[in-house]
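The block underneath contains the structure these notes are about, expressed in structure tokens.
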Amino acid sequence: FSLKPFWLQPAWIQRGLATMEARDAKLCSSHETDLSSEYMEEGWFRRAFFAQQIDDIGTDETAKAKYDDYQQFLSVLMTVATLLMGFILTGTLLSYNYTGQLRRQDFANGFDLVTCVAVILSAASVILALLVSIRGSVIFRNRGAVQALRAMRHSTCSIGISELSTYVSINFFFLSVLMYISWSQRGPTEICEKVRGPQADCPDLAGQFNDAAAYLCHTPKPNMTGVECDKACVAVREICEYQANKVFEERTFLVWSVANDADALIKLGILAERHCRQDEMDGVASRLCDRTLVTAQDMTACASANVAAQHAEACVDDGVHLGTLCAYVCYHSIDFEAALSRWAIGGTAILSLLVLFCGMRILQQCAATFRHHSSQTSSIAMLGRELGLDDNFDTESDE
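Mapping of the sequence shown onto this note's numbering: residues 174 to 572, in sequence order.
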């Protein structure tokens, strides 16, 4: 069944072929030979690759039933592969838009490669199954069920490749879905130091808040240990205690949010107010606007101070919002990506085992089919018929 000369074939293939030829000789002499004991006596590897038997074509009615089964199987393959190709194109590949915020090699290149491989494999599965189906249909209409069944049996490799391509495409589709989830649900990671280095928004904000804490904690302030110390007072005290021992960094926001989200927001608000100088801007606006505005210069000064106060308030809101994002995105996304990695490893392992098992069964069927035809035709003729170059099966007997 191989195109290689006999002396180039591995020893285990020679032994397997010899075993199959001996079995065929027994079947020719007596159709009632019981092969179950012989089957169990063989090794597992020989049973896996050489145990399949190709039965006789039989009557036209029997050939028609077998031919219909081939066409039904091909129809299932084409349906599954077509749906899979549609899911990949519309569900993942065409839903991703490259914004330029990250380098293409950070995500886009790998994502495009995985999804395109999945699409190509599913498209190859559809095309191969369609070609085999059309070939069998044409021969069935022109020459009957027996010749159509022979055409199907001579397309075993093409059918096997189509089936295996579907399984592998499912594997790549699974990976593309996980990659798409990691991109769409990881948040704006470009603000994190791990993505853009120390010039990213989060480490820059940490440096600004560190300066604000240094000013806040070295400014004379009332007693923060008495009973009149409210939540803001407690927050200032905790900020100063933290600043006395550590330097503010990106991870600081995560530590605060894990301890208590409400207290973390209060601390972020206090630091943002100090950094944006909201109190000073409000004071300036009050002094310039809370009086009788006589001249145009007074009105201009009041308007400018009021705009500055509003900008300071917006700066505080932005600082609190950015600090919250730094806590949730930069470090919570690590756990999210780790969970996706576990899913990717486990799912890929399961799907790879499925591909391996199904691939072994496909090779088994191909080996049995080639062995079945090797006694009637040459290897070159078998290859031509497998590729669809030769549809003349009149030289084959009904066996």
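Every residue gets a Cβ at the ideal spot worked out from N, C-alpha and C, and that includes glycine. Here the structure is a predicted model, which is why all the values come from computation and not from measurement.
query = Under a Cβ-count criterion, where at least 16 other Cβ atoms within 10 Å of its own Cβ denotes burial, should arginine 544 be classed as buried or exposed?
reply = Taking the sequence shown and counting its residues from 1, one reaches residue 544 at position 371. Buried, by the Cβ-count rule.
query = Between the stretch 521-535 and the stretch 377-393, are three or more C-beta pairs nearer than 8 Å?
reply = no
message = Would leucine 256 and serine 335 qualify as a contact pair, given that the criterion is a beta-carbon distance under 7 Å?
response = Translated into positions along the sequence shown, residue 256 becomes position 83. Translated into positions along the sequence shown, residue 335 becomes position 162. No, Cβ-Cβ distance for leucine 256 and serine 335 is not below 7 Å.
inquiry  = Which residue wins for smallest C-alpha separation from tryptophan 516, given the options Met352, Gln537, Ala408 and Lys440?
reply    = Along the sequence shown, one-based indexing puts residue 516 at 343. Closest by alpha carbon: Met352.
request  = Keeping to the same chain, check which residues put their C-beta closer than 8 Å to that of aspartate 233; ignore five residues upstream and five downstream.
outcome  = For the purposes of this step, residue 233 is taken as the residue at position 60 of the sequence shown. Hits under 8 Å: Gly317, Ala318 and Val319.
key: From Gly442, Asp436, Val292 and Ala481, residue whose alpha carbon lies closest to that of glutamate 453   = The sequence position of residue 453 within the sequence shown is 280, counting from 1. The option with the nearest alpha carbon to glutamate 453 is Ala481.
Alpha helix (DSSP H) segment containing proline 371, residue limits = Along the sequence shown, read from residue 1 onward, the residue named residue 371 stands at position 198. Segment: none, proline 371 is in no alpha helix (DSSP H) and carries neither H nor E.
task = Count the other CB atoms, across all protein chains shown, that sit within 10 Å of the CB of serine 514; report buried if there are 16 or more and exposed otherwise.
result = Taking the sequence shown and counting its residues from 1, the one referred to as residue 514 is at position 341. Exposed, since its Cβ has fewer than 16 Cβ neighbours within 10 Å.
ask   = Is glutamine 451 buried or exposed, if buried means 16 or more other CB atoms sit within 10 Å of its CB?
value = The sequence position of residue 451 within the sequence shown is 278, counting from 1. By the neighbour-count rule (16 or more Cβ atoms within 10 Å), glutamine 451 is buried.
Nearest-angstrom Cβ-Cβ length linking alanine 324 and isoleucine 312, presumed shorter than 8 Å = The residue given as residue 324 occupies position 151 in the sequence shown. The residue given as residue 312 occupies position 139 in the sequence shown. With a Cβ gap of about 5 Å, alanine 324 and isoleucine 312 count as contacting.
message = Quick check on lysine 404: buried or exposed, where buried means 16 or more other Cβ atoms within 10 Å of its Cβ?
response = Walking along the sequence shown from the start, residue 404 turns up at place 231. With fewer than 16 other Cβ atoms within 10 Å, it is exposed.
inquiry  = Please identify the residue among Leu498, Leu461, Val467 and Phe509 whose C-alpha is closest to the C-alpha of alanine 474.
reply    = Stepping through the sequence shown from its first residue, residue 474 is reached at position 301. Selected option, being the one with the closest Cα: Leu461.
inquiry  = Report the start-end ranges of each alpha helix (DSSP H) in the stretch 422-490 that is 4 residues or longer and not cut off at the edges.
reply    = For the stretch 422-490, whole alpha helix (DSSP H) runs of length 4 or above, ordered along the chain, are 423-432, 434-449 and 451-462.
message = Please state the DSSP three-state secondary structure of proline 376.
response = Counting from 1 along the sequence shown, the entry for residue 376 is found at position 203. Helix, per DSSP.
Minimum C-alpha distance to alanine 478 - residue among Met258, Ile439, Val457 and Ala291 = The residue given as residue 478 occupies position 305 in the sequence shown. Sorting Met258, Ile439, Val457 and Ala291 by C-alpha distance to the C-alpha of alanine 478 places Val457 at the top.
query = Are alanine 445 and valine 489 close, meaning C-beta to C-beta below 7 Å?
reply = Here residue 445 refers to the residue found at position 272 when the sequence shown is read from its first residue. Here residue 489 refers to the residue found at position 316 when the sequence shown is read from its first residue. Yes. Within cutoff.
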